[in-house]
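Residue numbers (our numbering), protein chains in the order written: chain Y, 1 to 152; chain G, 1 to 152; chain F, 1 to 152. Glycine included, C-beta positions come from ideal geometry on N, C-alpha and C. Take a look at the structure set out below.
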Amino acid sequence: MSVSSRLQELGIVIPEVAKPLAAYLPAVQAGDLLFISGQLPRRNDEVVCPGRLGREVNMEQGMKAAELAAINCLAVLKAYIGEWESLLQIVKITGYIQCREDFDRQADVLNGASELLEKIFGAKGRHARAAVGVNSLPLNAACEIEMIARVK
Amino acid sequence: MSVSSRLQELGIVIPEVAKPLAAYLPAVQAGDLLFISGQLPRRNDEVVCPGRLGREVNMEQGMKAAELAAINCLAVLKAYIGEWESLLQIVKITGYIQCREDFDRQADVLNGASELLEKIFGAKGRHARAAVGVNSLPLNAACEIEMIARVK
Amino acid sequence: MSVSSRLQELGIVIPEVAKPLAAYLPAVQAGDLLFISGQLPRRNDEVVCPGRLGREVNMEQGMKAAELAAINCLAVLKAYIGEWESLLQIVKITGYIQCREDFDRQADVLNGASELLEKIFGAKGRHARAAVGVNSLPLNAACEIEMIARVK
Chain Y
1 MSVSSRLQEL GIVIPEVAKP LAAYLPAVQA GDLLFISGQL PRRNDEVVCP GRLGREVNME
61 QGMKAAELAA INCLAVLKAY IGEWESLLQI VKITGYIQCR EDFDRQADVL NGASELLEKI
121 FGAKGRHARA AVGVNSLPLN AACEIEMIAR VK
Chain G
1 MSVSSRLQEL GIVIPEVAKP LAAYLPAVQA GDLLFISGQL PRRNDEVVCP GRLGREVNME
61 QGMKAAELAA INCLAVLKAY IGEWESLLQI VKITGYIQCR EDFDRQADVL NGASELLEKI
121 FGAKGRHARA AVGVNSLPLN AACEIEMIAR VK
Chain F
1 MSVSSRLQEL GIVIPEVAKP LAAYLPAVQA GDLLFISGQL PRRNDEVVCP GRLGREVNME
61 QGMKAAELAA INCLAVLKAY IGEWESLLQI VKITGYIQCR EDFDRQADVL NGASELLEKI
121 FGAKGRHARA AVGVNSLPLN AACEIEMIAR VK
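This is the structure in structure tokens:
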């Protein structure tokens, strides 16, 4: 099944690329590696479900936020490569989870992103990653995800 | 205009490379990617304006700290490549901002670095990036920036 | 001296690869770069010496934790490349140190990893790096290390 069909089946609409919050680019290519800037769980220019894991944001909301941040990475990717066929591999994601000090399930939160990538792309979506907790993120977002992809 | 002229015009002196705080290298090349170790806003071996955004460090000081950390990345880059002409592209920066939990303007702080890079290098200075907040950095620095550059 | 001999001399046993905590891969290769997922100081599926630098975890314990996280990165590397001879260079590590807000010796903690890599691999083990503090890590681990290596 094509990526477009899988996206449709999963009910995922790839949005417009979020406007960078500052003087930088959504993505820069070097060789066949595409470095995608850190994306927040924003929809229509608004952060969805702001706050901290372990406080205002529960696990389900956190996983949904990680999904949305990953989808925003894919929006940047798609805008850059044009056709999904030009994606060779999701290489690596780093997921920063905004959380209370006593929260230690960052890996579970980031699964929201990891599982989605595998559902959409299959083997091409399986990636290396790091999941870390931080005390604070831009716009009080619950998570931020950056991505490295290999592209044609 | 050459990079040297722009640096002069901007009043920026590229310093000596700061001594690594530990057993590692300032930069390692792999193919045409140069991975530059995380740099602090240090000048003459002293951290400038230590402390947290949202507490002792205000926005203007934070942006200046981000500028200085970026300049220290450039010091490593220049020492490695020798001539500015060997720089092909600033690919990516990651900016860790030491801040209070309720501070959410990390992107604005990191603009200090992003805007400077564009001023100095033009299109070659435009990069992908991630801006995250952290509770603590080495030597109580207000920020730390790591960089990936593409070089000849 | 071969890497295997040095490991033996240092009394280091490279463990089985820790089971990923989630839906991702221990490592993904792109060109000759191998991106290794963030590793915790786990032994036999248990986090060794959990807690924060500056509170429950002292400097010596923190450095040991960084060593162990680095060894777990090497476990992933070895499982991927098969023979140590296929390692060309440890390119970069990022060390996230779980710590109190007033702790500022992240660089010293990460030296546990950096010095070990140099002892094992000599010049091939000398790397770029970033050391940052964070308020929280998966499973309450004292540190997490991710690695980029250049391989044949």
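Review point. For the stretch 129 to 144 of chain G, which residues have a CB atom closer than 7 Å to at least one CB atom of chain F, in sequence order?
Key: V134, N135, S136, L137, P138, L139, N140 and E144
Review point. Do P41/F and A141/F have their C-beta atoms within less than 7 Å of each other?
Key: yes
Practice item. Please confirm if V13/Y has its CB atom under 7 Å from at least one CB of chain G. Key: no
Exercise for review: Check whether the Cβ atoms of L10/F and G133/Y sit closer than 7 Å, and answer yes or no.
Suggested key: no
Check your understanding: In chain order, what residues of the stretch 101 to 117 of chain Y put their CB closer than 8 Å to some CB of chain F?
Key -> E101, D102, F103, D104, R105, Q106, A107, D108, L110, N111, S114 and E115
Check your understanding: Which residue or residues does DSSP assign as beta-bridge partners of C73/G?
Key -> Looking at the DSSP assignment, C73/G forms no beta bridge with any residue, so it has no partner.
Check your understanding: Exposed or buried, what is M63/Y when buried is set at 16 or more other beta-carbons lying within 10 Å of its beta-carbon?
Key -> buried
Review point. Going by DSSP, which residues form a beta bridge with K92/F?
Key: A128/F and I148/F
Practice item. Taking only heavy atoms of the ligand PLP into account, decide whether any of them is closer than 6 Å to the Cβ of G31/F. Key: This structure does not include the ligand PLP; it has no bound ligands of any sort.
Practice item. Could you tell me which chain F residues have their CB closer than 9 Å to the CB of L25/G, listed as they occur along the chain? Key: R126, H127, A128 and R129
**Study point:** Members of the stretch 55 to 69 of chain F that neighbour chain G once the beta carbon cut-off is set at 8 Å
**Key:** none
Exercise for review: Quick one: list the residues of chain F neighbouring C164/Y, beta-carbon separation under 9 Å, in chain order.
Suggested key: Because chain Y is modelled from 1 through 152, residue 164/Y falls outside the range shown and cannot be assessed.
Practice item. Consider the Cβ of R150/F: report whether some Cβ of chain G lies at a distance smaller than 7 Å. Key: yes
Review point. Mind checking whether I145/Y and A107/Y have CB atoms under 7 Å apart?
Key: no
Check your understanding: Should L33/Y be flagged as near chain F, meaning a C-beta pair shorter than 7 Å?
Key -> yes
Review point. How would you write the range of the beta strand (DSSP E) that G11/F sits in, first residue to last?
Key: Element bounds for G11/F: n/a, residue is neither H nor E.
Review point. Could one say the Cβ of K119/F lies closer than 7 Å to chain G's Cβ atoms, at least one of them?
Key: no
Review point. Taking the C-alpha atoms as reference points, what is the distance between K78/F and F121/G?
Key: 40 Å
Exercise for review: Spatial neighbours of W84/G within its chain, please: CB distance less than 8 Å, with the 5 preceding and 5 following residues excluded, ordered by chain position.
Suggested key: S2, V3, S4 and K78
Practice item. Determine the contact status of N135/G and N135/Y, defining contact as a CB-CB distance below 7 Å. Key: yes
Exercise for review: Output yes if chain G places a C-beta closer than 7 Å to the C-beta of E46/Y; else output no.
Suggested key: no
Exercise for review: Compare the C-beta of V91/Y against all C-beta atoms of chain F and say whether one is closer than 7 Å.
Suggested key: yes
Check your understanding: By the criterion of Cβ-Cβ separation under 7 Å, what are the contact partners of S37/G in chain F?
Key -> A128, R129 and A130
Check your understanding: Mind checking E67/G: buried by the 16 CB within 10 Å criterion, or exposed?
Key -> buried
Check your understanding: Three-state secondary structure (DSSP) at G54/F?
Key -> coil
Check your understanding: From the DSSP output, which residues share a beta bridge with I36/G?
Key -> A27/G and M147/G
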